[in-house]
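Chemist: Taking the UniProt record's numbering, the leading residue of the sequence shown gets 1, the next gets one more, and so forth.
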Amino acid sequence: MDVTKIESGVIALESAEFNVREACEFTLQTVAPQAARKDIALFLSFPPELSPWVRGDVTRVRQVLHNLLGNALKFTSDGEVEVSVTRGTAVKPSTVGTAYEWTFSVRDSGIGINSEGQQKLFREFSQVDESTTREYGGTGLGLFICKQLSELMGGTVSVESELGVGSTFHVSFVLEESTEKAKHEDRSPPIAISSTSIAWNCFMFGRNRAFVESTCQYLRYFFASATDAHVRGLNNASTVASTMRASLAQLKDTENARIILLVDRGTVETAQEKEMLRDVLKLAETHRDRFVPVLVAHDPAAAVRQQYIQEGWRHLVQKPVMLAQLCTTLADAVDTNHPGNIGTPISASRRNSSKR
């Protein structure tokens with residue numbers, strides 16, 4: 001058991017090159033089925049311009065994140081769970097390069113914790129109260145192990161929470177800057193659509209504003225020098241179709257114009273949202289050479305995927321959104337001759353995109 005190893009001081013930390021963003025994305029994928037069952041928005045906010053390559057113990061980083069995400073999803077019945085990542089200033093020189101404190105914040109819209117309960121969280125075999133144990137289960141060891149591992153890696157843990165509103169757990173690790181960062185980054189540069197002859201606008205519709213903005217951050221990275229005018233989030237279903245028509249009219253005389261609309265399709269749809277989807281797909285059929293709708297959804301079963309194809313969708317980005325798969329799908333969407341990836345099992349599509 002990790003707690004026994006920690007207390008006896010026998011845990012040996014590994015030091016290897018890894019990609020922080022991909023470590024977060026991998027961990028999000030492991031808990032994605034839980035989020036899908038509750039239709040919870042599960043997403044990563046990672047500054048795309050920040051170099052993600054470091055040296056450290058990726059297994060322990062994933063272990064801590066998995067524990068925090070598991071708790072967040074357990075205590076959240078609807079709404080959102082977000083992982084946000086920041087890198088602080090250099091904390092110390094190391095033998096191979098500069099070390100930085102990286103902070104991972106897991107925010108949820110769950111039941112929240114009162115101030116008394118927060119004092120117990122990181123103690124061994126401690127839980128907020130007995131009623132929580134009866135309803136949600138658990139041993140009270142997970143957060144204690146997170147605290148010990150974080151401190152072992154030069155970091156800290158803390159929590160901010162409000163009863164009935166939600167919680168944010170912050171955990172930090174000191175990680176060394178990768179000495180081979182340039183080699184890694186040359187392998188997967190952003191696809192600079194702005195450097196092509198294509199004029200474009202990109203929109204994203206979704207009910208969850210934080211998820212939409214997080215994805216728009218990736219979209220601006222994909223479209224290189226994009227501004228808010230080129231990449232916009234939309235949260236009102238009643239305005240989506242009219243916004244697309246206005247964008248089509250704006251670019252009607254522009255050669256090689258493209259309009260891309262990403263639609264976050266939850267497992268529950270209102271009548272207004274269903275009408276919006278029909279309008280969007282009609283526009284796509286009428287303007288196949290200019291307007292491309294892209295579905296954003298949980299990994300669908302075969303029957304659901306076939307339904308999406310019959311509705312007229314050709315491109316799909318699987319939730320939780322991964323930067324590599326998003327970029328691959330958008331590159332395909334810009335190419336009007338590309339048949340799309342909707343007919344490919346999304347798990348296979350994601351594996352293929354991660355190899356590029």
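Note that CB positions come from ideal geometry on N, CA and C, so glycine has one too.
Quantities reported herein were computed from a predicted structural model and do not represent experimental measurements.
So if DSSP puts GLU82 in a beta bridge, which residue, or which two residues, is it bridged to?
Modeler: Bridge partners of GLU82: PHE43 and ARG107.
Chemist: Starting from the Cα of VAL81, find the closest Cα among PHE205, LEU219 and SER167 and give me that residue.
Modeler: For the residues PHE205, LEU219 and SER167, the minimum Cα distance to VAL81 belongs to SER167.
Chemist: CA-CA distance, VAL294 and LEU261?
Modeler: Straight-line Cα distance between these residues: approximately 6 Å.
Chemist: Pull up the DSSP beta-bridge partners for ALA90, would you.
Modeler: ALA90 pairs with TYR100.
Chemist: Select from LYS252, ILE11 and GLN325 the residue whose C-alpha is nearest the C-alpha of THR59.
Modeler: That would be ILE11, whose Cα lies nearest to the Cα of THR59.
Chemist: Determine contact between the region 167-178 and the region 230-249, defined as no fewer than three beta-carbon pairs at a distance below 8 Å.
Modeler: No, they do not touch.
Chemist: Assuming VAL171 contacts PHE104 under a Cβ cut-off of 8 Å, what Cβ separation, rounded to an integer in Å, is found between them?
Modeler: With 8 Å as the limit, VAL171 and PHE104 qualify as a contact, their Cβ atoms being about 5 Å apart.
Chemist: Please identify the residue among ASP335, ALA241 and ARG314 whose C-alpha is closest to the C-alpha of MET276.
Modeler: The option with the nearest alpha carbon to MET276 is ALA241.
Chemist: Helix, strand or coil for residue 370 per DSSP?
Modeler: Residue coverage of the chain in this structure runs from 1 to 356, which leaves residue 370 outside it and unanswerable.
Chemist: Less than 8 Å between the CB atoms is what I'm expecting for SER15 and GLY79, so what's the real figure, rounded?
Modeler: With 8 Å as the limit, SER15 and GLY79 do not qualify as a contact, their Cβ atoms being about 37 Å apart.
Chemist: Taking contact to mean 3 or more Cβ pairs, one atom from each stretch, closer than 8 Å, check whether the region 24-43 and the region 307-321 are in contact.
Modeler: A contact exists between the region 24-43 and the region 307-321.
Chemist: Between the alpha carbons of GLU116 and LEU28, how many angstroms are there, rounded?
Modeler: One C-alpha to the other measures close to 30 Å.
Chemist: Can you list, in chain order, the residues of its chain whose CB lies under 7 Å from that of THR30, leaving out five sequence neighbours each side?
Modeler: HIS66.
Chemist: In or out: PRO300 buried (at least 16 other Cβ within 10 Å) or exposed?
Modeler: Buried.
Chemist: Less than 8 Å separating the beta-carbons of GLY312 and ALA284?
Modeler: Yes; because the gap between Cβ atoms is below 8 Å, this pair is in contact.
Chemist: Mind checking LEU326: buried by the 16 CB within 10 Å criterion, or exposed?
Modeler: Classification for LEU326: buried.
Chemist: To the nearest angstrom, how far is the alpha carbon of GLY340 from that of PHE169?
Modeler: Rounded to the nearest angstrom, the two C-alpha atoms are 39 Å apart.
Chemist: CA-CA distance, VAL280 and LEU13?
Modeler: Those two C-alpha atoms are separated by around 51 Å.
Chemist: Of all Cβ atoms in chain E, is any one closer than 8 Å to the Cβ of ASN235?
Modeler: The structure shown contains no chain E; it is built from a single protein chain.
Chemist: If you check the beta carbons only, do GLY142 and ASN71 fall under 8 Å apart?
Modeler: Yes; because the gap between Cβ atoms is below 8 Å, this pair is in contact.
Chemist: Cutting at 7 Å between CB atoms, please list the residues of its own chain near ARG187, excluding the five before and the five after it.
Modeler: Note on ARG187: pLDDT 45, under 50, position unreliable in the model; the coordinate value appears next. Contacts found: none.
Chemist: Could you tell me how far apart the beta carbons of ILE342 and ARG305 are, in whole angstroms, since I believe they sit closer than 8 Å?
Modeler: Right, the Cβ-Cβ distance comes to about 7 Å (below 8 Å), so this counts as a contact.
Chemist: Helix, strand or coil for PRO33? Go by DSSP, reduced to three states.
Modeler: Reduced to three states, the DSSP call for PRO33 is helix.
Chemist: Taking DSSP's pairing of strands, which residues face GLY155 in a bridge?
Modeler: Paired residues: none, contrary to the question.
Chemist: Can you check which of these residues, ASN114, ARG87 and VAL83, is closest to GLY107 by C-alpha distance?
Modeler: Contrary to the premise, residue 107 reads as Arg rather than Gly in this sequence. With distances taken between Cα atoms, ARG107 lies closest to VAL83.
Chemist: If I measure Cβ to Cβ from GLU49 and keep anything under 8 Å in the same chain, skipping five residues before and after, which residues do I get?
Modeler: Excluding residues within five positions, the ones whose Cβ falls inside 8 Å are TYR221.
Chemist: Looking only at DSSP bridge pairs, what is ALA16 linked to?
Modeler: Per DSSP, GLY56.
Chemist: So what's VAL296 in DSSP terms, helix, strand or just coil?
Modeler: Correct three-state label for VAL296: strand.
Chemist: Buried or exposed for THR329, please, with buried defined as at least 16 other CB atoms from any protein chain shown within 10 angstroms of its CB.
Modeler: That one is buried.
Chemist: I need the straight-line Cα distance from SER150 to TRP102, nearest angstrom please.
Modeler: Straight-line Cα distance between these residues: approximately 11 Å.
Chemist: Check whether the Cβ atoms of PHE223 and VAL231 sit closer than 8 Å, and answer yes or no.
Modeler: Yes; because the gap between Cβ atoms is below 8 Å, this pair is in contact.
Chemist: Only counting the same chain, and skipping five residues up and downstream in sequence, which positions put a Cβ closer than 7 Å to that of ARG146?
Modeler: Per the sequence presented here, residue 146 reads as Cys, with Arg not at that position. Correct list, in chain order: VAL64, ASN67, LEU68, VAL157 and VAL171.
Chemist: Classify SER214 as buried or exposed, calling it buried when 16 or more other Cβ atoms lie within 10 Å of its own Cβ.
Modeler: Buried: at least 16 other Cβ atoms inside 10 Å.
Chemist: According to DSSP, what are the bridge partners of SER161?
Modeler: SER161 pairs with SER167.
Chemist: For a quick check, are the C-beta atoms of ARG207 and ASP264 less than 8 Å apart?
Modeler: A contact, by the Cβ cut-off of 8 Å.
Chemist: Looking at the ligand GDP, does it come within less than 7 Å of SER242, judged from the CB to the closest heavy atom?
Modeler: The ligand content of the structure shown is nil, which means the ligand GDP is not present either.
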